[in-house]
Amino acid sequence: MEKKPSTPYRKIKRIYCYLNEGIKKTMNNISIQNPGSALGEAIGAELEKALNTFLRQVAEQEGYHFISKGVGTTKQGNSRKVLVMYDQFGTEYKIDAVIANHAMQPIILFESKYLRYTKHNRDKGSWICNAHSALRRRYSSIRSSIAVLAGNWTRNSLAMMTSYNINVFIIPFQLICELLKEHNIDFNWGEKDRNIATQAWIQFNSLSLDEKTRIGTEMIAPIQRNLEQSVLNILDDSLIREVDKISIELHSNLGEIKRYEFKSIMDAIEFMSMDDLTEAFLITDSFTLFDPPANFNT
C-alpha cells in the first residue's frame with residue numbers, strides 16, 4: 002500500500018503551487034504582447050460597466066428595459082453573448098447597449114468608446130455613424146443615439162458624429178490620467194514607451210475588483226448628471242409629436258441622388274406636385290471638386 006505524503010509535505014506543496022501561480026500571473030503581465038493596449042481595453046471595459054450600471058438604473062426607474070447582452074439565439078441555437086441588431090438589408094451590428102420599451106422596441110442606442118491615439122478617430126467615429134444611421138432606418142422607434150467617448154477625440158470626428166444626430170458626451174484623456182494616478186498608475190506614456198506601459202499594466206492588475214470598479218464610476222461622474230437628463234428628456238412621452246422636417250430623396254435611373262428638405266408638409270406636397278421632376282436632377286447646381294464645405298473657414 003502506497004504511503005501518503007506527510008502533512009508538512011502537503012503544506013509545502015500547496016505553498017509551492019500558490020507561489021508558482023503568482024509567478025505565472027506576474028510573468029503574463031510582463032510578457033503580454035501589448036500591455037498598453039491591454040490596459041486601454043481594461044479601462045474601456047470599466048467605463049462600459051459603470052455606464053451600464055448607471056443607465057440600467059435610469060431606464061428601469063422610468064419603466065423601460067436596459068439591454069446590453071444578446072437577445073435571442075444564434076443560428077446554431079446558442080444564447081447570444083453580445084447585443085446584435087440588423088439593418089433593413091440584414092447586415093448585423095454589434096451594439097453596446099439599448100434602452101427599449103415594454104414591447105422591446107429600441108428607443109435609444111448607446112455606444113461607449115475609449116481611444117488613446119487620435120489616429121483611430123476616423124475609423125471608430127465612422128463606424129458609429131454608419132451603424133446607428135443604418136439601424137435607425139430599420140427601427141422607426143429609435144428616438145436618439147448616444148455616444149460616450151473617453152480619451153483623445155479630434156474636433157473633426159466629433160463634428161462628424163454630431164452631423165449624424167448622435168449625442169456625444171466626452172470624458173477627456175487627462176481626466177483618466179488623473180484618476181489612474183491616484184492608484185499609482187502612470188497612464189500618460191509615449192506611444193513607443195513600453196516600459197511605462199508594462200508597469201502601468203502590472204499595477205492595474207494589482208488593484209482589487211472594487212478599486213477597478215471605482216475607476217469606472219469616477220470616469221463617468223463628470224457627465225452623469227447631463228447624461229441622465231438627456232436620457233430622461235428622450236424617454237419623456239408627455240411631449241406631443243410634431244413633424245420637425247420632411248426629407249425627400251430622389252434617385253434617377255442614371256444613379257444620381259438628390260436630397261431635399263422642407264419645414265412644412267405643404268411645402269413638400271407642393272414640390273412633389275410638380276408636373277416634371279426631371280429638372281431636379283440637373284447637374285448645373287452640383288458642387289465641384291474645388292468647392293470647400295460650408296464651414297471650411299470657421
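Positions 2 to 299 (the working numbering) are the ones given, in order, by the sequence shown.
Backbone N, C-alpha and C define an ideal beta-carbon position, used for all residues, glycine too.
What are the residues that DSSP puts in a beta bridge with residue i?
i: Ser-248; result: Glu-262
i: Ile-171; result: Leu-150
i: Glu-93; result: Tyr-87
Can you find the residues in the same chain that come closer than 6 Å, C-beta to C-beta, to residue i, ignoring five residues on each side of it along the sequence?
i: Ser-158; result: Asn-122, Gly-126
i: Val-309; result: Only positions 2 to 299 of the chain appear in this structure, which leaves residue 309 out of reach.
i: Leu-251; result: Lys-259, Ala-281
i: Leu-290; result: none
i: Val-171; result: In the sequence as displayed, the identity of residue 171 is Ile instead of Val. So the list reads Leu-150, once near-sequence residues are dropped.
i: Arg-57; result: Phe-67
i: Thr-119; result: Asn-153, Thr-155
i: Met-220; result: Leu-48, Ile-172
i: Ser-248; result: Glu-262
i: Val-59; result: Glu-229, Val-232
i: Phe-174; result: Gly-152, Asn-153
i: Leu-20; result: Unreliable positioning characterises Leu-20 in this predicted model, as indicated by a pLDDT of 49, which lies under 50. The coordinate reading is nonetheless provided below. Counting only Cβ-Cβ distances below 6 Å, and skipping sequence neighbours, we find nothing.
Drop a sphere of 10 angstroms on the beta-carbon of residue i, count the other beta-carbons inside from all chains shown, and report buried for 16 or more, exposed for fewer.
i: Gly-256; result: exposed
i: Ser-253; result: exposed
i: Val-149; result: buried
i: Leu-40; result: buried
i: Asn-53; result: buried
i: Tyr-87; result: exposed
i: Phe-188; result: buried
i: Thr-279; result: exposed
i: Tyr-65; result: buried
i: Trp-128; result: exposed
i: Arg-117; result: buried
i: Gly-191; result: exposed
i: Gly-91; result: exposed
i: Pro-36; result: buried
i: Ile-162; result: Looking at the sequence itself, residue 162 is Met, so the reference to Ile does not match. That one is buried.
i: Asp-124; result: exposed
i: Ile-270; result: exposed
i: Leu-180; result: buried
i: Asp-286; result: exposed
i: Asp-277; result: exposed
For the alpha helix (DSSP H) containing residue i, list its first residue and its last residue.
i: Phe-174; result: 174–182
i: Lys-50; result: 36–62
i: Glu-212; result: 210–236
i: Ile-68; result: Here Ile-68 belongs to no alpha helix (DSSP H); instead the beta strand (DSSP E) covers 66–68.
i: Arg-195; result: 195–206
i: Thr-163; result: 156–164
Locate the beta strand (DSSP E) running through residue i, then write down its first and last residues.
i: Val-149; result: 145–152
i: Gln-101; result: The displayed chain sequence assigns Ala, not Gln, to residue 101. Unbroken beta strand (DSSP E) run through Ala-101: 98–101.
i: Ser-113; result: 107–116
i: Leu-136; result: From DSSP, Leu-136 is part of no beta strand (DSSP E) but of the alpha helix (DSSP H) over 122–139.
i: Met-86; result: 84–87
Between which residues of its own chain and residue i is the CB-CB distance below 8 Å, once the five residues before and five after are set aside?
i: Ile-31; result: Model confidence at Ile-31 stands at a pLDDT of 41, short of 50, so the residue's coordinates are unreliable and nothing is read from them.
i: His-184; result: Gln-204, Phe-205, Leu-208, Glu-212, Ile-216
i: His-133; result: Leu-110, Glu-112, Ser-146, Tyr-165, Ile-167
i: Lys-50; result: Thr-214, Gly-217
i: His-143; result: His is not the amino acid found at residue 143; the sequence shown has Ile there. Hits under 8 Å: Pro-107, Ile-108, Ile-109, Leu-110, Leu-136, Arg-137.
i: Ile-1; result: Past the edges of the chain, shown from 2 to 299, lies residue 1, and the structure says nothing about it.
i: Asp-268; result: Ile-247
Quick check: is any heavy atom of the ligand NAD less than 7 Å from the C-beta of residue i?
i: Glu-61; result: The ligand NAD is not part of this structure, which contains no ligands at all.
Contact defined as beta carbons within less than 8 Å: I believe residue i pairs with residue j. What is the distance between those atoms, to the nearest angstrom?
i: Ile-177; j: Ala-151; result: 6 Å
i: Val-232; j: Ile-266; result: The Cβ separation is near 30 Å, so there is no contact.
i: Glu-63; j: Leu-240; result: With a Cβ gap of about 14 Å, Glu-63 and Leu-240 do not count as contacting.
i: Lys-246; j: Phe-263; result: 7 Å
i: Gln-89; j: Arg-139; result: 4 Å
Ordered along the chain, which non-local residues of its own chain (more than five positions away) have a Cβ less than 7 Å from that of residue i?
i: Tyr-115; result: Gly-41, Ile-44, Gly-45, Leu-48, Ala-151, Gly-152
i: Tyr-17; result: Summary for Tyr-17: the model assigns pLDDT 49, below 50, so the residue's position carries little reliability; its value from the coordinates is reported in the next sentence. So the list is empty, once near-sequence residues are dropped.
i: Ala-101; result: Tyr-65, His-66, Ile-68, Pro-107, Ile-108
i: Phe-55; result: Ile-221, Gln-225
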